[in-house]
DNA sequence: CCTACCGATCGGTAGG
DNA sequence: CCTACCGATCGGTAGG
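Protein chains in written order, with the numbering used here: chain A, 1 to 199; chain B, 200 to 398.
Laid out in structure tokens, this is it:
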């Protein structure tokens, strides 16, 4: 194993990472369909056939971007082991952090809307992703209910669905005018209206 | 004034209307950037320079579609003269009706996400539209508060913002999987949690 | 990773 | 409203 070979692999990984970063930004700016492999490649500093050496087609690049983001976020924030009110609170914290990285918010906002088209290459990805998100939040509200802290008359499943929808809608308003809105504050106020005070 | 001339104008208006309908569907399906004037023209049954005779450029067609929709909706549902809880209830009715015309839901969902890009031709339109929608719903909640029917501790302005966000987010989920979700029912349940029963 | 190329498609214009 | 065309750009491949 020569240093050259090791460095070669390291360079390849770094290049691949750079491509994913620029593709993330580009897909967020103009969506998948309007994004151009040539433009992404230029930002990376290579030719567009060079990019296609790392990702064999545009679709593969899109799916790699989405999977990579899911990996990063679940590593970094690992909400899986949380439950109930604690889970919901951590989701609000994640939204607050997302307000510091508009590129990620753009990516999900623009792609999820584009992917409502049934023939979109990320359609299945987003259908599955939403099912998971809604179920996860519904579980949070069910936990709150079990702890006697969900306001009476609230259906936990409907609340989970609405909570996810609220996050998405806030992202659109925030991206349109970033100064007019504190996403996490609206979510906190919403939770405060649904959750009975701990005493 | 010959019949021929009158019919000529009538034909022109009908054609213009047909173009707006097909453009609405197309922009909803793939967004503005990915939509093609040739494809829209083919659906109408004319050539694409023929289409450009009615609308001088792609941008003009987009703005005409958006303005036309606003006209139709405000004529048909005229929410302007309503206030307070009555206004909020009529918005829920409008959402229920929108569930019967997915093309319109698609149009706003896809274009609003695409138009978060500051250089998008519909950016200013959506910034203004959201400011109006949020203010209108906030007014509804202020009216409820004045009537003593807003749950204590709820801020009417935050509730207005959240209500608009909730509608938008529900649209994404509904377009991704139309059988899994009753948008109007979730909105009604949300209102029921915010508004004190009338007695 | 590159240059060079393919066929397809784009918005818009010329000229009628 | 049409045909015919413009320059630009697209995703992907050949061949090295």
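The C-beta atom is built at its ideal place from N, Cα and C for all residues, glycine as well.
For clarity, every value in this text was computed on a predicted model and none was experimentally measured.
Look at residue 70 (chain A): its C-beta is not under 8 angstroms from any C-beta on chain B. For residue 273 (chain B), the uninterrupted alpha helix (DSSP H) segment begins and ends at 257-276. Residue 82 (chain A) carries a coil assignment under DSSP once its states are collapsed to helix, strand and coil.
Contact annotation for residue 154 (chain A) against chain B: 388 and 392 [CB-CB distance below 9 angstroms, chain order]. Scanning chain A for C-beta atoms nearer than 8 angstroms to the C-beta of residue 365 (chain B) yields 162, 165, 166 and 169, reported in chain order. Between the alpha carbons of residue 260 (chain B) and residue 222 (chain B) lies a distance of about 8 angstroms.
With a threshold of 16 other beta carbon atoms within 10 Å, residue 367 (chain B) meets it and is buried. Remark: C-beta atoms of residue 134 (chain A) and residue 160 (chain A) approach each other more closely than 8 angstroms. Rounded to the nearest angstrom, the gap between the Cα atoms of residue 113 (chain A) and residue 308 (chain B) is 6 angstroms. Contact between residue 138 (chain A) and residue 84 (chain A) fails: their C-beta atoms lie close to 12 angstroms from each other, not under 8 angstroms. With fewer than three CB-CB distances shorter than 8 angstroms, the segment 292-308 of chain B does not count as touching the segment 245-255 of chain B. Note that the C-beta distance between residue 158 (chain A) and residue 388 (chain B) is below 8 angstroms. Rounded to whole angstroms, the gap between the alpha carbons of residue 243 (chain B) and residue 218 (chain B) is 6 angstroms. Residue 75 (chain A) and residue 375 (chain B) have their C-alpha atoms spaced approximately 27 angstroms apart.
Within the DSSP bridge table, the entry for residue 349 (chain B) names B:394 as partners.
Residue burial is scored here from C-beta neighbours: residue 319 (chain B) has at least 16 other C-beta atoms within 10 angstroms and is therefore classed as buried. By the neighbour-count criterion, in which 16 or more other beta carbons inside 10 Å mark a residue as buried, residue 171 (chain A) falls on the buried side. Shown here, residue 248 (chain B) sits in a helix according to DSSP, grouped into three states. Annotation for residue 35 (chain A): no alpha helix (DSSP H) segment contains it, and DSSP assigns it neither H nor E. When the beta-carbon positions are compared, residue 390 (chain B) and residue 291 (chain B) come within less than 8 angstroms of each other. Contacts between residue 141 (chain A) and chain B, judged by CB atoms closer than 8 angstroms, are missing: the closest CB pair is about 12 angstroms apart. Between residue 234 (chain B) and residue 241 (chain B), the alpha-carbon positions lie close to 12 angstroms from each other. The DSSP-derived three-state label of residue 220 (chain B) is helix. Residue contact with chain B for residue 18 (chain A): absent (no Cβ-Cβ distance below 8 angstroms to any residue of chain B). Residues of chain B whose Cβ lies closer than 8 angstroms to the Cβ of residue 112 (chain A) are, in chain order, 312, 371 and 375.
Per the coordinates, the alpha-carbon of residue 64 (chain A) lies some 10 angstroms from the alpha-carbon of residue 17 (chain A). Contact annotation, residue 287 (chain B) with residue 339 (chain B): C-beta distance approximately 4 angstroms; criterion of less than 8 angstroms satisfied. Per DSSP, residue 311 (chain B) is one residue of the alpha helix (DSSP H) stretching across 301-313. DSSP, reduced to helix, strand and coil, places residue 125 (chain A) within a helical segment of the structure shown. The residues 37, 38 and 41, in chain order, have a CB closer than 7 angstroms to that of residue 48 (chain A) in the same chain once the five nearest residues on each side in sequence are set aside. In terms of Cβ geometry, residue 32 (chain A) and residue 372 (chain B) do not form a close pair [threshold 8 angstroms]. Nearest neighbour of residue 355 (chain B) by Cα position, chosen from B:280, B:285, B:341 and B:365, turns out to be B:341. Within the segment 207-236 of chain B, the residues whose Cβ lies closer than 8 angstroms to any Cβ of chain A are, in chain order, 228, 229, 230, 232 and 233. One Cα belongs to residue 272 (chain B), the other to residue 325 (chain B), and the distance between them is close to 16 angstroms.
With a contact defined as Cβ atoms closer than 8 angstroms, residue 353 (chain B) and residue 393 (chain B) qualify at about 6 angstroms. With the criterion set as a beta carbon lying under 9 angstroms from some beta carbon of chain A, the segment 245-265 of chain B has no members that meet it.
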